[in-house]
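Residue numbers (the working numbering): 304 to 757. The beta-carbon is built from N, C-alpha and C at its ideal position, and this holds for glycine as well. Worksheet: one structure, shown below.
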Amino acid sequence: MQNSYDRTEDNEDTERGQVPPFQTPKGVHDIMPADHEYHTFIKKVVRHRCRQAGFRRITTPMFEFTDVFRRGLGDATDIVSKEMYTFQDRKGRSLTLKPESTAGVVRAYIQNNMKELAQPVELFYIEPHFRYDRPQKGRYRQFWQFGFEVIGESDPALDAQVIQLAYQILDDLGIAQLFTLQLNTIGTNEERVAYMQALKDYYFGKERYLSPDDKMRLEKNPLRILDSKHEDTIILNQSAPKMMDYFGDETKAYHEELKEYLTELKIPWVDNAGLVRGLDYYSKTVFEFWDKTDGAQNAIGGGGRYDGLFELMGGDPTPACGFAAGMERVIANMKREKIRVPRKDDLHVFVAQLGGIAKKKCLPLIKELREQGIRTMGALGKGSIKVQLRLADKFKVPYCVILGITEVREGTAIIRDMKVGTQRTVPFENTVEEVIKVIGEENLDRYTPGEVIY
Ligand code: HAM
Numbered sequence: 304m305q306n307s308y309d310r311t312e313d314n315e316d317t318e319r320g321q322v323p324p325f326q327t328p329k330g331v332h333d334i335m336p337a338d339h340e341y342h343t344f345i346k347k348v349v350r351h352r353c354r355q356a357g358f359r360r361i362t363t364p365m366f367e368f369t370d371v372f373r374r375g376l377g378d379a380t381d382i383v384s385k386e387m388y389t390f391q392d393r394k395g396r397s398l399t400l401k402p403e404s405t406a407g408v409v410r411a412y413i414q415n416n417m418k419e420l421a422q423p424v425e426l427f428y429i430e431p432h433f434r435y436d437r438p439q440k441g442r443y444r445q446f447w448q449f450g451f452e453v454i455g456e457s458d459p460a461l462d463a464q465v466i467q468l469a470y471q472i473l474d475d476l477g478i479a480q481l482f483t484l485q486l487n488t489i490g491t492n493e494e495r496v497a498y499m500q501a502l503k504d505y506y507f508g509k510e511r512y513l514s515p516d517d518k519m520r521l522e523k524n525p526l527r528i529l530d531s532k533h534e535d536t537i538i539l540n541q542s543a544p545k546m547m548d549y550f551g552d553e554t555k556a557y558h559e560e561l562k563e564y565l566t567e568l569k570i571p572w573v574d575n576a577g578l579v580r581g582l583d584y585y586s587k588t589v590f591e592f593w594d595k596t597d598g599a600q601n602a603i604g605g606g607g608r609y610d611g612l613f614e615l616m617g618g619d620p621t622p623a624c625g626f627a628a629g630m631e632r633v634i635a636n637m638k639r640e641k642i643r644v645p646r647k648d649d650l651h652v653f654v655a656q657l658g659g660i661a662k663k664k665c666l667p668l669i670k671e672l673r674e675q676g677i678r679t680m681g682a683l684g685k686g687s688i689k690v691q692l693r694l695a696d697k698f699k700v701p702y703c704v705i706l707g708i709t710e711v712r713e714g715t716a717i718i719r720d721m722k723v724g725t726q727r728t729v730p731f732e733n734t735v736e737e738v739i740k741v742i743g744e745e746n747l748d749r750y751t752p753g754e755v756i757y
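Rendered as structure tokens:
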């Protein structure tokens, strides 16, 4: 079966003269059952670690007014200028599918007056996002992120805790060792304005060496020139003014303190003066987890501090820091590391039957088995017992309950171990109890009504 993540070409009509079957649009894909097992596992780890650290879950809408992102992320960013799915509703209002969650969370914090709550407010999310990116490995037009935000306080210890939580989750998922933590500070807004002017001055007269993309960056957001992939720009960047020289003592001390905390937490990092991130809302701390072989190309996640964003969005000045990771990239790396996740979908029991009376007795039996947390499938069609057992084999079910004409007459049922090939006859009324014994109480899939499952 073709992996839907690998298919990026557009639909092409067949020449068979038939209506071509529908395909997903470029860059989006189905999450097939096998990948859902990874999704479920990742969500479980994220929820567990976030709740342990006092975070509560938030879900912002799939779409917001376009200005939430334009103002929040910055007009000149690639996301806003090229990658948003923007449309008008029937009243002509401009709406956008969320390309990331931070701006929406900030909007929600302000709208719901969360400043009245005990601070910091700690929120996490697990959501699909949409960007009109050029589809390629690890880059899709609909993708999932998990992320978290700590809002309401500014302290390098909080930045360290956000990084630590991200690192802990990657470690729980078995992939932390594949990445390096790239760390930088981009200073306060004022410091950045002065530095950007210095960058512009430096590049004045050197524009002819720049790629068209870099020229535009220089004009709209000179900082982004620092992470250019263009060869000439990389060379020119080496002699460009250094950001550090434009920082005041406070920014420098903040960053040093963060590094001290990371050392305490035994989290290694790489100082990366060129790391500026692709969103305009950051100030001071920025960080990304880069692939040890591919570098920035397939960063698994990133984040930083965004103290200025609340005012931009019409709120009171409020410091905040956060992180988000791409779940498709997490899954690809878990597979690369051959990390297996619990297979929650596997069936426990297959019920095979023969004859009208057996079929009638099977329906309540199947219901009761399921009720007790035994994942049960029954072939209630007409095939022979042999055909049904072959089907059970195909489903890789470890046990079968068989109810043939003899068993119905004698008031019994057969429990067959499909791996070993042995079987045992038990009184029909004890079937559920006996099945639980072979499966093991601890493996049952029990659901307590009222328990929230998501
Ligand atoms: P971001 O770096 O734009 O940050 O995205 C975070 C992660 O989402 C990326 O490192 C990548 O793993 C994944 N990602 C982004 N675009 C795609 C795509 N087209 N296909 C697949 N995966 C993708 C943010 O979104 C910030 N909101 C993070 C943050 C939270 N900063 C502060 N708080």
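Kindly indicate which three-state DSSP category residue i falls into: helix, strand or coil?
i      : result
Arg354 : helix
Ile756 : Reliability of the predicted coordinates at Ile756 is poor, the pLDDT of 48 falling under 50, and no value is obtained from them.
Tyr443 : coil
Thr362 : coil
Asp574 : strand
Ala599 : helix
Gln656 : strand
Arg634 : Correcting the residue type first, residue 634 is Ile in the shown sequence and not Arg. In this structure, Ile634 counts as helix in the three-state DSSP scheme.
Ile454 : strand
Tyr428 : strand
Glu563 : helix
Val700 : coil
Gly607 : strand
Asp474 : helix
Asp381 : helix
Gly395 : coil
Met499 : helix
Gly625 : strand
Gln675 : coil
Glu534 : helix
Asp720 : strand
Gly681 : strand
Thr389 : strand
Asn492 : helix
Asp316 : No answer about Asp316 holds up, because its pLDDT of 48 lies below 50 and its placement is not dependable.
Thr554 : helix
Gln691 : helix
Tyr435 : coil
Pro336 : helix
Val291 : Any answer about residue 291 is impossible in this case: the structure gives the chain only from 304 up to 757.
Tyr412 : helix
Lys509 : coil
Starting from residue i, follow its DSSP beta bridges and name the residues at the other end.
i      : result
Thr715 : Pro730
Asp583 : Note: Asp583 sits in no beta bridge, so no partner.
Gln485 : Val573, Glu591
Gln448 : Glu430, Gly629
Phe368 : Leu398
Leu706 : Gln656
With distances taken between CB atoms, is the gap from residue i to residue j smaller than 8 angstroms?
i      : j      : result
Gly450 : Val409 : no
Arg727 : Ile718 : yes
Tyr557 : Thr405 : no
Leu582 : Gly407 : no
Ile742 : Tyr585 : no
Leu486 : Asp574 : yes
Pro730 : Thr715 : yes
Ile677 : Val738 : yes
Tyr388 : Thr380 : no
Lys664 : Leu692 : no
Leu426 : Arg359 : yes
Arg580 : Gly605 : yes
Ile763 : Val633 : With the chain covering only 304 through 757, there is no way to say anything about residue 763.
Glu340 : Arg639 : no
Asp530 : Gly577 : yes
Tyr443 : His332 : yes
Compute every distance between the C-beta of residue i and the non-hydrogen atoms of ligand 2, then say whether any falls below 7 angstroms.
i      : result
Leu484 : The model depicted lacks ligand 2 and carries ligand 1 instead.
Say whether the segment 407 to 417 touches the segment 466 to 485, bearing in mind that this needs 3 or more beta-carbon pairs closer than 8 angstroms, one atom from each stretch. no
Using 8 angstroms as the threshold, is the segment 363 to 374 in touch with the segment 487 to 506, meaning 3 or more CB pairs across them? no
Across the segment 616 to 636 and the segment 499 to 516, are there enough close Cβ pairs to call them in contact, namely three or more that are closer than 8 angstroms? no
For the segment 450 to 469 against the segment 564 to 573, do three or more pairs of beta-carbon atoms, one drawn from each stretch, fall closer than 8 angstroms, so that the two count as touching? yes
Contact between the segment 629 to 638 and the segment 442 to 456 (3+ Cβ pairs under 8 angstroms): yes
Would you say the segment 422 to 438 touches the segment 524 to 544, given that touching needs at least three Cβ pairs under 8 angstroms? no
Count Cβ pairs between the segment 685 to 694 and the segment 663 to 670 that sit closer than 8 angstroms; are there 3 or more? no
When you compare the segment 699 to 707 with the segment 646 to 660, are there three or more beta-carbon pairs, one atom per stretch, that lie closer than 8 angstroms? yes
Pairs of beta-carbons, one from the segment 542 to 550 and one from the segment 452 to 463, closer than 8 angstroms: are there three or more? no
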